[in-house]
Amino acid sequence: MSGCVFCGIVAGTVPAFRVTDEADGVAFLDTRPVFRGHVLVAPRTHLVTLADLPPESIAGYFGLVRRLAVAVEAGLDAGGTFVAMNNKVSQSVPHLHTHVVPRTKGDGLRGFFWPRTRYADDAEAQSYADRVAAALSSGPGRV
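Quick note: to get the numbering used here, add 167 to the position in the sequence shown (first position is 1).
Right, dumping it as structure tokens:
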């Protein structure tokens, strides 16, 4: 897609520090990493959100993400990885991508990047679970 920086990286017209370039996607270093070695994995096709990823592409794409998570940990002697994806909100580049961030104990990253909250009670929690379950069984992207 014209104007998409990740499409440019995939096409090779925008420079990037590539980690791998495969049929299921391209992995490259984030230019503003949470920690050094923070990798972004993007599908070759321009898709905006996870909902846009065709069902037949899921295994290949997430297989690549999984392999990158293992490689980041092994290659950087990290204690683990944080794997995350934004859809629409906080998605700085509107091209589907997954963050694979190396982690070490005591690295200063606390939980998630956003504040945490609690449910008022079990009834409120159950109401949220029920709403998501209802949408899962009847909405778009139904599995």
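Ideal Cβ placement from N, Cα and C applies to all residues, glycine included. Bear in mind that the values here come from a model prediction, so they are computed numbers and not experimental data.
| Query | Result |
| --- | --- |
| Between residue 265 and residue 208, is the Cβ-Cβ spacing less than 8 Å? | yes |
| Just how far apart, CA to CA, sit residue 292 and residue 302? | 16 Å |
| DSSP on residue 200, reduced to helix/strand/coil? | coil |
| List the whole-angstrom C-beta distance separating residue 219 from residue 263, where the pair is believed to meet the contact cut-off of C-beta under 8 Å. | 7 Å |
| By DSSP, does residue 275 sit in helix, in strand, or in coil? | coil |
| Within the same chain, show all residues whose beta-carbon is closer than 6 Å to that of residue 227, passing over the 5 residues directly before and after it, in chain order. | 191 |
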